[in-house]
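For reference, the structure discussed in these notes is given below.
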Amino acid sequence: MTVLLYGPAYSTYTRTARLALEEKGVAYDLREVDTLAGEGQKAEHLARHPWGKVPVLEHDGFSLYETVAIARYADEAFPGPALQPTDAKHRARMAQVCAVLDHYGWSPMVITVFVQRVVVPMRGGVPDQGAIDGALPQAERVLAAVESLTDGGEFLIGSALSLADLHLAPILDYFVRTEDGRAALSHHPRLSTWWKRIEQRPSVAKTRPSFG
Ligand SMILES: N[C@@H](CCC(=O)N[C@@H](CS)C(=O)NCC(=O)O)C(=O)O
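At position 41 of the sequence shown the residue is numbered 41 (UniProt numbering), and the sequence of numbers has no breaks.
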C-alpha cells in the first residue's frame, strides 16, 4: 500500500522523514500540509496529529507521528540499507545525537537564526537581533556537542549512514544559509567536512527545499 507523508517540503522534520524513506528506496506520496499557513490546525490534520504538527506517516492503515518514530519505522518496516547501527553503543550515540538536535538544536538554529535572518526579511520584516544574539551561543554549544559525539569518519556515527545524519542534515542546511551559521560551522572541522559530503547525497539534493 502507498506510503503517505503529510508535511510541507520546507519543514526540516518532514525532510528527515523523507530522507529516511528516500534512503530506503520507499516510494511515497508527499501530501503538503502548509503549517505556516495554518493548515496544521485544521480539523482534518488535527485528526492525524493532536498538536497539528508535521510530519505524519500513513502506511497500510497505520498512522504515526513524531519524526524519530517515523524514521525508525521507515528503517525497520522496509527492506533496504539499515539506517541504525546494530552495536549498542553506536545505536545509543545515534539516539543521543537525535535527542540533542531535537531538544537543544532545532529551535536556535532553525526557528531563531534561519527564520530571523532569512524568512523574516523575505516577508518584509526586520530580524530580531536580540533573539539571534541569544540563539547563536546555544547553536555553537550544540555543534560542539555533536562534533564531540561523532567518530570523525564519513558519517556522524559508526561506519554507515544513520538516522543521526538524517536528523542533522535538514537543520544544518537551513542554518548555513545564514552568514552566522556558516561562521559557526567553520569552528567545527569534522562537521564541516561531514556537511560538504552529505549535502551532495542524492537524497539530500532531491529533498532540498527552495524556501529561503
Ligand atoms: N516533535 C515533533 C516536532 C515536529 C515539528 O515541530 N514540526 C514543525 C515543522 S518542522 C511543525 O509542525 N510546525 C508547525 C507548528 O508547530 O504548528 C517531531 O519530531 O515530529
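All C-beta atoms, glycine included, are put in the ideal place defined by N, C-alpha and C. Quick caveat, the model's predicted, so the values are computed rather than measured.
Where are the alpha helix (DSSP H) runs, 4 residues long or more, that stay fully inside the UniProt domain "GST C-terminal" (87-212), in chain order? 88-100, 129-149, 163-175, 179-186, 189-198 and 202-206
In whole angstroms, what separates the C-alpha of Pro170 from that of Lys89? C-alpha separation (whole angstroms): 25 Å.
On the three-state DSSP scale, how would you describe His59? In this structure, His59 counts as strand in the three-state DSSP scheme.
Closest residue to Leu166 among Phe78, Ala82 and Leu36 (Cα-Cα distance): When the alpha-carbon of Leu166 is set against those of Phe78, Ala82 and Leu36, the nearest one is in Ala82.
Using a C-beta cutoff of 8 Å, does Gln129 count as contacting chain C? Of the protein chains in the structure, only one exists, and it is not chain C.
Determine the closest residue to Ala27 out of Thr2, Ala95 and Ala37, with distance taken between C-alpha atoms. Residue nearest to Ala27 within the set Thr2, Ala95 and Ala37 is Thr2 (criterion: CA-CA distance).
Between the stretch 11-19 and the stretch 193-208, can you find at least three pairs of beta-carbon atoms closer than 8 Å? yes
For the candidate residues Leu156, His103, Pro137 and Leu5, whose alpha-carbon lies nearest to that of Gly181? Nearest neighbour of Gly181 by Cα position, chosen from Leu156, His103, Pro137 and Leu5, turns out to be Pro137.
Alpha carbon to alpha carbon, how far is Ile132 from Glu140? Give it in angstroms, no decimals. Computed Cα separation, rounded: 12 Å.
Using the beta-carbon count (16 or more within 10 Å), is Met122 buried or exposed? exposed
Counting beta carbon pairs with one atom in the stretch 66-80 and one in the stretch 32-43, are three or more of them shorter than 8 Å? no
Gly134 versus Gln116, Trp51, Ser148 and Val120, residue with shortest Cα-Cα distance: Gln116
Under 8 Å Cβ to Cβ from Thr178, same chain only, skipping five residues before and after it: list those, please. Val113, Phe114, Arg117 and Val118
Counting pairs of beta carbons, one from the stretch 89-101 and one from the stretch 48-60, are three or more of them closer than 8 Å? no
Taking 7 Å as the line, does the beta carbon of Lys89 fall inside it for any heavy atom of ligand 1? no
Do Leu210 and ligand 1 come close, with the Cβ less than 7 Å from some heavy atom? The displayed chain sequence assigns Ser, not Leu, to residue 210. Result no, Cβ not under 7 Å from ligand 1.
Tell me the DSSP bridge mates of Leu30? According to DSSP, Leu30 bridges with Leu5.
Residue from Glu76, Val176 and Gly61 whose Cα sits closest to the Cα of Ser162: Glu76
Count the other C-beta atoms from every protein chain shown that fall within 10 angstroms of the C-beta of Ser11, then say buried if there are 16 or more, exposed otherwise. Burial call: buried.
Local conformation of Leu64 per DSSP, three classes: If DSSP states are grouped into helix, strand and coil, Leu64 belongs with the strands.
Where does Tyr10 sit, in a helix, a strand or coil, going by DSSP? coil
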